[in-house]
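Protein chains: 2
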Amino acid sequence: MLPAHAPEFFTTLRTLLGPERCITDQGLLLPWECDGLSHLRQLPIAVLLPETRAEVVEIVRLAAEHGIPLTARGAGTCLSGGATAAQGGALIAFTRMKRILEIDPVNRTARVEPGLVNVRLSEALKPLGLAYMPDPSSQTASTLGGNVAENSGGPHCIKHGNTTMSVLALEVVLADGSVIELGHARGRTEGPDLRGLFVGSEGTLGIVTSITFRLERIPPAELTLLASFADMRSACNGVSSVIAHGILPSAFEAIDDRTIAALEHAGKKSGYPSNAAAVLLLEFDGAAESVRAEADAATALLRAAGALRIEEAEDAAQRARLWKGRKGAYGAMGRLAPDLYVMDTVVPRSRLPEVLPAIGRICDELGLPLANVFHAGEGNLHPNISFDGRNPDQVRRVLEAGRRIVEVCLKAGGALSGEHGIGTEKREFMPLAFGPETIELLHGLKAVFDPGRLLNPDKVLPEPVTCGEMRPAVLRGRSA
Amino acid sequence: MLPAHAPEFFTTLRTLLGPERCITDQGLLLPWECDGLSHLRQLPIAVLLPETRAEVVEIVRLAAEHGIPLTARGAGTCLSGGATAAQGGALIAFTRMKRILEIDPVNRTARVEPGLVNVRLSEALKPLGLAYMPDPSSQTASTLGGNVAENSGGPHCIKHGNTTMSVLALEVVLADGSVIELGHARGRTEGPDLRGLFVGSEGTLGIVTSITFRLERIPPAELTLLASFADMRSACNGVSSVIAHGILPSAFEAIDDRTIAALEHAGKKSGYPSNAAAVLLLEFDGAAESVRAEADAATALLRAAGALRIEEAEDAAQRARLWKGRKGAYGAMGRLAPDLYVMDTVVPRSRLPEVLPAIGRICDELGLPLANVFHAGEGNLHPNISFDGRNPDQVRRVLEAGRRIVEVCLKAGGALSGEHGIGTEKREFMPLAFGPETIELLHGLKAVFDPGRLLNPDKVLPEPVTCGEMRPAVLRGRSA
Chain A
69 MLPAHAPEFF TTLRTLLGPE RCITDQGLLL PWECDGLSHL RQLPIAVLLP ETRAEVVEIV
129 RLAAEHGIPL TARGAGTCLS GGATAAQGGA LIAFTRMKRI LEIDPVNRTA RVEPGLVNVR
189 LSEALKPLGL AYMPDPSSQT ASTLGGNVAE NSGGPHCIKH GNTTMSVLAL EVVLADGSVI
249 ELGHARGRTE GPDLRGLFVG SEGTLGIVTS ITFRLERIPP AELTLLASFA DMRSACNGVS
309 SVIAHGILPS AFEAIDDRTI AALEHAGKKS GYPSNAAAVL LLEFDGAAES VRAEADAATA
369 LLRAAGALRI EEAEDAAQRA RLWKGRKGAY GAMGRLAPDL YVMDTVVPRS RLPEVLPAIG
429 RICDELGLPL ANVFHAGEGN LHPNISFDGR NPDQVRRVLE AGRRIVEVCL KAGGALSGEH
489 GIGTEKREFM PLAFGPETIE LLHGLKAVFD PGRLLNPDKV LPEPVTCGEM RPAVLRGRSA
Chain B
69 MLPAHAPEFF TTLRTLLGPE RCITDQGLLL PWECDGLSHL RQLPIAVLLP ETRAEVVEIV
129 RLAAEHGIPL TARGAGTCLS GGATAAQGGA LIAFTRMKRI LEIDPVNRTA RVEPGLVNVR
189 LSEALKPLGL AYMPDPSSQT ASTLGGNVAE NSGGPHCIKH GNTTMSVLAL EVVLADGSVI
249 ELGHARGRTE GPDLRGLFVG SEGTLGIVTS ITFRLERIPP AELTLLASFA DMRSACNGVS
309 SVIAHGILPS AFEAIDDRTI AALEHAGKKS GYPSNAAAVL LLEFDGAAES VRAEADAATA
369 LLRAAGALRI EEAEDAAQRA RLWKGRKGAY GAMGRLAPDL YVMDTVVPRS RLPEVLPAIG
429 RICDELGLPL ANVFHAGEGN LHPNISFDGR NPDQVRRVLE AGRRIVEVCL KAGGALSGEH
489 GIGTEKREFM PLAFGPETIE LLHGLKAVFD PGRLLNPDKV LPEPVTCGEM RPAVLRGRSA
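Protein sequences, first through last, are from chains A and B. Quick note: the first sequence uses the working numbering, first residue 69, plus one each step. Quick note: the second sequence uses the working numbering, first residue 69, plus one each step.
Rendered as structure tokens:
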């Protein structure tokens with residue numbers, strides 16, 4: 069059955085894509101109702117599955133012609149609602165555009181389609197001794213196109229940078245169906261950095277059809293440390309101390325007592341000491357000698373900060389053992405309740421010792437189970453709240469906790485999001501982090517790229533008060 | 069004497085700034101007629117020298133009120149005309165806004181005013197064991213505000229990145245006088261990266277009044293290699309070989325035979341072997357052990373590529389000796405003729421062996437003396453042409469050489485500019501590097517930030533054909 073409005077849109081697309089790549093049946097649409105932010109749902113009017121750039125162009129042109137909102141989606145692992153359909157809109161899912169178009173080992177670049185799953189690129193590069201560095205925890209599921217949309221981070225982004233640091237060039241379909249290249253495959257940009265503007269724009273400025281990434285050599289040596297502490301405050305001081313001494317681990321993660329309890333509850337042997345209330349995971353990469361020297365220096369600093377025990381692993385099997393608790397944490401939390409709200413905020417490292425207890429108090433007051441697994445070295449927090457999305461009271465409390473956690477982090481000099489984007493989740497919080505001038509600028513830029521507001525509308529930017537406020541002219545009359 | 073038009077603009081500014089900071093006298097304006105691109109001149113109608121952000125806001129507001137174009141200027145070392153006044157416009161020179169506002173050694177950030185000379189920041193950081201990495205060759209003269217405007221590079225940017233990689237946040241006065249903060253002092257950006265868009269926009273989107281930079285620790289060890297070759301082709305092969313083996317020097321410079329001859333001609337003892345027709349300078353930084361290992365590996369690869377001689381220096385005095393020729397090169401070229409055209413283009417590293425002789429042929433055909441000093445590791449060329457700007461025929465030939473060199477580099481898969489910006493110099497070449505859709509997008513973004521086109525107009529973007537083409541609406545009707 070075709071949706072009642074815009075029948076021409078659907079009949080043309082059915083002919084173009086075939087019925088199995090133009091899903092409009094209510095029953096088949098249900099699995100596409102939300103992304104990883106499961107408490108915000110919106111059934112798409114259709115799911116479109118292009119296989120080529122030409123099909124993407126055709127879809128965008130038809131959507132523009134018929135005024136249909138389009139939301140680009142990779143694997144749907146987004147945690148801020150960015151990959152959930154807009155009201156009355158269709159999803160354009162990149163599941164079938166997942167080819168590796170080129171690997172250039174000499175210039176160390178790779179060009180891929182946006183639907184390629186992150187880890188598949190790493191697998192293809194490994195025999196060449198090359199690596200794609202950004203490694204979101206979702207890397208076995210999330211797509212590189214989604215990673216670009218959210219400017220995803222990951223445990224190893226403290227040293228190697230979020231996704232944007234690895235994006236050289238983007239092929240983008242604009243709102244009118246024209247195709248442009250942003251950035252430069254050789255890594256140079258001239259004038260304003262449109263590539264940089266685009267990465268992290270969550271599908272609101274255009275739709276990416278291919279990405280050229282910068283690659284790195286696989287580091288010759290890696291070494292992992294696991295340090296356990298009797299309390300989180302000591303662990304946080306250890307984090308600050310290591311960074312302040314100019315040591316830059318390639319990963320610097322923290323796990324709190326509530327997560328350790330969740331691991332125990334799930335029957336997963338974390339192998340952490342029974343008196344540990346906080347665990348730090350550090351990894352170093354580079355030349356064997358420098359890795360050794362950095363690990364020794366970090367060990368001394370962590371001991372001085374009060375570490376109970378420090379374990380070290382150099383080979384892959386030992387390293388996997390130390391990472392086991394970190395990697396299993398989300399699975400363990402998933403066992404506590406049907407839904408998990410994975411928050412994402414940032415605070416200055418030096419404020420971690422006060423912000424973490426404040427977040428704990430908020431969840432305790434609201435009677436919500438909290439577990440913190442986070443990128444400690446970057447001050448990038450992930451307060452994780454287990455809940456049951458079918459219980460409206462629980463959902464209300466989760467949302468209240470979310471708002472209060474954001475407020476605490478911003479008050480501590482933090483940022484709204486580290487790596488999961490704004491999406492629908494934090495759209496209403498944007499005025500807490502940005503002044504009206506900046507939000508107006510962002511609306512103005514959005515209008516340049518997407519004057520008809522059809523590309524992932526109702527995401528990222530708070531609703532303008534009137535239509536006129538979206539336009540550049542609103543810049544007049546600002547105050548200093 | 070006040071300029072005839074907009075007398076109110078000048079009387080108000082005279083009162084605000086005092087006569088010595090509001091220069092309008094023709095004779096006093098002459099030294100401000102151009103920046104480092106000396107063959108393109110435009111006398112400003114005034115030079116304004118603010119000392120505070122409030123004064124900048126007032127200047128921008130008054131300029132908006134009276135329709136006076138404003139060009140922000142640091143030290144005027146820009147090599148693409150970006151810091152030369154627009155027609156009928158005033159210069160707002162940041163010579164007096166050069167304070168270091170804050171150095172935060174724990175979070176490793178520094179906040180400075182835009183008029184601070186690059187090297188002054190490094191000097192202030194040194195006693196703290198910290199460093200600001202981007203080091204344009206102009207660093208003893210150029211300002212950090214100018215470096216942000218041009219997204220400047222430098223010998224050590226191959227490893228540490230151009231200026232944008234070190235910019236965390238910018239305080240910006242917009243075209244209407246309002247003040248906003250772009251980016252985040254803790255290094256996180258949410259949504260589209262306005263900070264990234266702004267860096268490299270050459271004063272066309274707003275005027276920066278303070279900059280927060282990311283700092284690094286001074287590397288524990290540094291080591292310099294100088295390798296001389298009998299011909300440039302072998303040297304270029306050495307460059308490709310080192311990079312292809314995953315070795316990333318912190319600097320990787322090349323000097324050609326014409327530059328060596330200029331050094332000899334200037335009586336500067338370069339110390340290069342008499343049979344050297346090309347010299348590579350490599351620097352390594354990091355832990356002592358990794359620096360040693362990288363230098364050894366690079367030495368073997370450079371020998372295999374045919375190096376005649378390789379010298380090594382670990383202490384500061386020895387390193388300065390190896391850098392002497394590189395540092396003295398521009399001074400030596402300056403002796404060859406009254407003017408020097410320092411070009412800036414980029415080609416893929418692998419194309420250097422064919423592009424360099426092609427550039428040589430262009431200059432030979434036009435009878436122009438050429439010398440190449442360049443960031444070889446990045447494929448970032450600087451063909452330097454000595455000429456006499458008072459000779460119209462020489463100027464004509466220099467401009468023709470410039471166009472033909474740009475064409476050769478773009479044809480080889482290169483980019484228009486590596487680190488000197490577009491300015492007025494390469495404005496007309498923009499359509500060679502970018503499609504009309506991208507140029508229209510850039511015009512659209514410019515209109516969002518500066519609807520009145522008063523901020524460094526007539527720079528970077530080629531003139532739109534009609535006024536309407538500057539507006540977002542032009543996005544309609546594009547072709548795929």
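Note that beta-carbon positions come from the ideal geometry of N, C-alpha and C, so glycine has one too. Quantities reported herein were computed from a predicted structural model and do not represent experimental measurements.
By the rule that beta-carbons nearer than 9 Å mark a contact, ALA355 (chain B) touches chain A. Fully contained in the region 383-428 of chain A are the following beta strand (DSSP E) runs of length 3 or more, in chain order: 407-410. In the three-state reduction of the DSSP assignment, VAL128 (chain A) falls in the helix class, which pools H, G and I.
Taking C-beta separations shorter than 7 Å and ignoring five residues to either side along the sequence, GLU258 (chain A) has no partners in its chain. Neighbours of GLU258 (chain A) across chain B, judged by C-beta separation under 7 Å: ALA483, LEU484, SER485, ILE490, ALA501.
Close CB contacts of PRO287 (chain A) within its chain, under the 6 Å cut and outside five residues either way in sequence, are with ASP353, GLY354 (chain order). Distances from the CA of GLY428 (chain B) to each of B:GLY520, B:LEU449, B:LYS227 were compared; the closest alpha carbon is that of B:LEU449. If you check each beta-carbon in the region 510-527 of chain B against every beta-carbon of chain A, the ones closer than 8 Å belong to LEU510, GLY512, LEU513, ALA515, VAL516, PHE517, PRO519. In the DSSP assignment, SER190 (chain A) falls within the unbroken alpha helix (DSSP H) covering 186-193. Between the region 152-171 of chain B and the region 411-418 of chain A there are fewer than three inter-stretch CB-CB distances shorter than 8 Å, so the stretches are not counted as touching. Sequence-distant partners of GLU239 (chain A) (beyond 5 residues in either direction) whose C-beta falls short of 6 Å from its own C-beta, in its chain, are GLU249, THR277, SER278. According to the DSSP assignment, GLY354 (chain B) belongs to the beta strand (DSSP E) that extends over 346-354. Taken in chain order, the complete alpha helix (DSSP H) segments of 4 or more residues contained in the region 437-525 of chain B are 460-479, 498-501, 504-517. Interface residue (Cβ-Cβ distance to chain B less than 9 Å): PHE266 (chain A) is classified as such. When secondary structure is reduced to three states using DSSP, PHE162 (chain B) falls in the coil class, being assigned neither helix nor strand. Beta bridge pairing from DSSP links CYS304 (chain B) with no other residue. The beta-carbon of VAL216 (chain A) is placed no less than 9 Å from the nearest beta-carbon of chain B.
Using a Cβ-Cβ distance cut-off of 8 Å, the region 511-528 of chain B and the region 129-140 of chain B are in contact, since at least three pairs of beta carbons, one from each stretch, lie closer than that value. By the neighbour-count definition (other C-beta atoms within 10 Å, threshold 16), VAL185 (chain B) is a buried residue.
Among the bridge pairs identified by DSSP, VAL240 (chain B) is matched with B:ILE248, B:VAL276. The residue among B:PHE320, B:GLU290, B:ALA295 with its C-alpha nearest the C-alpha of SER358 (chain B) is B:GLU290. GLY149 (chain B) and ASN219 (chain B) have their C-alpha atoms spaced approximately 15 Å apart. Counting of Cβ neighbours within 10 angstroms places SER485 (chain B) among the buried residues, the total reaching 16 or more. Excluding residues up to 5 positions away in sequence, THR413, VAL415 lie with their Cβ nearer than 6 Å to the Cβ of CYS477 (chain A) in the same chain. For ASP324 (chain A), the uninterrupted beta strand (DSSP E) run begins and ends at 319-324, by DSSP. When DSSP states are grouped into helix, strand and coil, THR208 (chain A) belongs to the coil group. GLU170 (chain A) has A:ARG179 as its beta-bridge partners, per DSSP. Below 8 Å, enough C-beta pairs join the region 427-446 of chain A and the region 316-332 of chain A to call them touching: three or more. With contacts defined by Cβ atoms closer than 9 Å, PHE266 (chain A) and ARG179 (chain A) do not form a contacting pair.
Ranked by how close their Cα comes to the Cα of GLY457 (chain A), the residues A:LEU404, A:ALA217, A:CYS225 have A:LEU404 in first place. Rounded to whole angstroms, the separation of the alpha carbons of SER106 (chain A) and GLU487 (chain A) is 18 Å. Contact residues of the region 171-196 of chain A toward chain B are PRO173, VAL174, ASN175, ARG176 (C-beta to C-beta distance below 9 Å). With its beta carbon less than 9 Å from one in chain A, ALA312 (chain B) belongs to the interface. Taking 9 Å as the cut-off, the beta carbon of PRO182 (chain A) is found closer than this to the beta carbon of GLY142 (chain A). In this structure, the beta-carbon distance from VAL241 (chain A) to GLY251 (chain A) does not fall below 9 Å. Annotation: ASP432 (chain A) has no Cβ neighbours in chain B at a cutoff of 7 Å; minimum Cβ distance is about 27 Å.
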